[in-house]
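Notes follow the structure.
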Amino acid sequence: MYLMTNNMLSQDEIDMLLRGNYDKVEDEIINETEKDALGEIGNISMGTAATTLFTLLGQKVTITTPKVDITTMRELSEQYPIPF
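Residue numbering for the sequence shown follows the numbering used here, starting at 61 and increasing by one per position.
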């Protein structure tokens, strides 16, 4: 299992990092409560940004509830191949 415990990396985790096997990390790096908390932080941040944009532009700004997903760097680069 590749989950860090006690704030220390296991030998398996160190080996994985040295080999560059980032895609083999377990899906459950964070639990559902932590995902919900990250989503709430995103929601608060985007709500503040929407309010600021409304103030600056005088236009209604609609936001949706963010969805938190865990992904690998490979999957992320495949979904968004062009850098910003």
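For every residue, glycine included, the Cβ atom is placed at its ideal position computed from N, Cα and C.
Everything numeric in this text was worked out from a predicted model, so none of it was measured.
- Message: Alpha carbons only, please: which of Thr132, Glu135 and Ala110 is nearest the one belonging to threonine 124?
- Response: As a first step, residue 124 must be located in the sequence shown, where it is residue number 64. For the options Thr132, Glu135 and Ala110, the alpha carbon positioned closest to that of threonine 124 is the one of Ala110.
- Where DSSP assigns a beta bridge to methionine 106, which residues make up the other side? Along the sequence shown, read from residue 1 onward, the residue named residue 106 stands at position 46. DSSP, once it has assigned bridges, lists no residue as partnering methionine 106.
- Message: I need the straight-line Cα distance from glutamate 73 to glutamate 94, nearest angstrom please.
- Response: By one-based count along the sequence shown, residue 73 stands at place 13. By one-based count along the sequence shown, residue 94 stands at place 34. When the Cα atoms are used, glutamate 73 and glutamate 94 turn out to be separated by approximately 22 Å.
- Message: The alpha helix (DSSP H) that contains methionine 76, what's its start and end?
- Response: Here residue 76 refers to the residue found at position 16 of the sequence shown. Start and end: 71–79.
- Query: How many angstroms separate the CA atom of arginine 79 from the CA atom of glutamate 135?
  - Reply: Numbered from its first residue, the sequence shown carries residue 79 at position 19. Numbered from its first residue, the sequence shown carries residue 135 at position 75. The alpha-carbon atoms of arginine 79 and glutamate 135 are separated by roughly 18 Å.
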